[in-house]
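Beneath this line is the structure, given in structure tokens, with notes to follow.
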Amino acid sequence: MNQEFISALGELAHQKNMKKEDLLETIELALIAAYKKNYGHAQNVAVTIDRESGDIKVCQQKTVTEEVSDPNLEIGLEEAQAMDKRYELGDIVNIEVTPRNFGRIAAQTAKQVVVQRIKEAERDNLYDAYHNRENSMITGLVTKYDRRGVTVQVYGDMEAYLPLNEQLPTEQYLPGARMKFYVSEVKMAAQIPQIILSRSHPGLIRRLFEQEVPEIADGIVEIKSIAREAGSRTKISVFSSDPNVDALGSCVGSKGSRVQIICDELAGEKIDIVKYSEDPAEFISAALSPSDVVSVTIDEESHSARVIVPAHQLSLAIGKEGQNARLAAKLTGWKIDIKPEV
């Protein structure tokens with residue numbers, strides 16, 4: 003190794019967003035292993051690379067003692083002081099043992115280490131880049147579909163995966179289809195970042211509204227809660243921090259244009275938008291839309307609500323297979339018992 007190698011290593015570290023010193027320390031550790039492999043032992047051996055010249059030095063480290071019991075590990079005080087009078091008992095003496103042909107082994111080892119570390123750094127950088135995109139929404143191109151899941155091309159040429167349990171039961175995923183997906187997880191699989199997508203996650207609803215409703219993107223209107231049965235129906239509660247801005251109107255859009263875009267993106271999934279209220283009775287009443295509500299009695303102790311609805315709207319309040327009541331309970335966080343008006 004020489005000065006040119008040190009300089010090239012610095013440039014490479016900068017390009018790959020790595021620390022030059024970390025690379026050098028890793029090479030030094032690898033050279034100890036290489037010395038042990040080629041020369042039989044590495045007992046108390048240290049390898050140093052000069053940070054300026056690139057020169058490599060292998061030293062056997064021995065402790066200064068009064069009596070030497072193991073010459074591989076210890077050196078007598080008299081012998082040590084013959085080398086340097088400043089040595090005292092307990093000091094470590096570095097005795098150079100660099101083999102003549104170690105430069106060739108060192109160059110080969112350094113190359114292997116650098117290549118390996120570059121692969122690791124690129125893998126880690128790739129993971130960090132995609133991991134930061136968790137909980138975001140992306141547009142992807144469906145490239146392959148099978149019984150286990152869907153392969154989607156995202157971020158240029160990166161492959162992502164849409165598992166069966168994250169799909170919408172109402173959708174077909176045909177190769178060539180372009181869709182919006184929620185990035186639910188980024189994990190390492192076989193040392194490669196794997197991006198897990200979702201079309202059923204409630205977070206997708208949130209991101210779609212953020213995209214379509216400027217008032218939400220600007221923070222004026224806030225989505226307080228989401229209850230979703232993917233592919234069928236979703237309820238969201240919204241609140242406006244500005245009394246001059248109508249939260250419901252902002253989300254629905256002119257003639258329902260904004261919410262319709264989102265419904266179309268989700269293969270016709272129905273979306274109910276309700277006004278959030280800190281008054282539980284008022285919030286529960288709104289959450290049971292489209293049914294009318296006669297009265298709501300709150301039981302704080304059991305965190306439940308008894309709701310009276312017009313008798314002719316009981317089935318509407320409960321919904322098909324209990325869906326409306328179930329989503330309202332999930333949206334508000336309250337147990338809801340619905341009874342008809344007598």
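When you read off a place in the sequence shown, starting at 1, and then add 2, the result is the number in the working numbering. Note that the Cβ used here is the ideal one computed from N, Cα and C, for glycine as well.
Hey, quick one: how far does the alpha helix (DSSP H) through residue i stretch, first residue to last?
i	result
Val254	249-254
Val227	First, the amino acid is wrong: residue 227 is Ser here, not Val. From DSSP, Ser227 is part of no alpha helix (DSSP H) but of the beta strand (DSSP E) over 223-231.
Gln262	259-267
His400	In the structure as shown, the chain starts at 3 and stops at 344, and residue 400 therefore has no counterpart that could be examined.
Gln110	104-133
Asp24	22-41
Ser317	316-320
Glu212	204-214
Gln325	325-334
Is it the case that the Cβ atoms of residue i and residue j are separated by a distance below 8 angstroms?
i	j	result
Leu75	Gln45	yes
Ala233	Ala289	Reading off the sequence shown, one finds Gly at residue 233, where the question assumed Ala. No, Cβ-Cβ distance for Gly233 and Ala289 is not below 8 angstroms.
Thr299	Glu271	no
Arg201	Glu168	yes
Ile198	Ile238	no
Ala2	Ile58	Any question about residue 2 goes unanswered here, given that the chain covers just 3 to 344.
Val223	Arg260	no
Ala82	Val66	yes
Ile286	Ile338	yes
Arg209	Tyr175	no
Pro177	Lys226	no
Gly151	Pro165	yes
Val99	Arg135	no
Ile264	Val311	no
Ile77	Ile51	no
Let me check one thing: in DSSP terms, what residues is residue i bridge-paired to?
i	result
Ala84	None, per the DSSP bridge assignment.
Tyr163	Thr153, Ile198
Met181	Gly142
Ala192	Its beta-bridge partners do not exist; DSSP assigns none.
Thr50	Lys59
Lys272	Arg235
Lys277	Val240
Glu173	For Glu173, which the question treats as bridged, DSSP gives no partner whatsoever.
Glu187	Ile198
What are the start and end residues of the beta strand (DSSP E) that includes residue i?
i	result
Pro342	337-342
Tyr147	139-147
Ser297	297-301
Ala307	306-311
Which whole-angstrom value describes the C-beta separation of residue i and residue j, a residue pair presumed to lie in contact below a C-beta threshold of 8 angstroms?
i	j	result
Pro342	Ala313	4 angstroms
Met190	Tyr129	6 angstroms
Val144	Ala179	4 angstroms
Lys22	Gly12	5 angstroms
Ala319	Ser293	4 angstroms
Taking Cβ positions only, does residue i come closer than 8 angstroms to chain E?
i	result
Arg328	Considering every chain present, this structure includes no chain E. It has just one protein chain.
* Asked: For the segment 55-99, which segments carrying the alpha helix (DSSP H) assignment without a break, of at least 4 residues, lie completely within its bounds, in sequence order?
  -> 79-85
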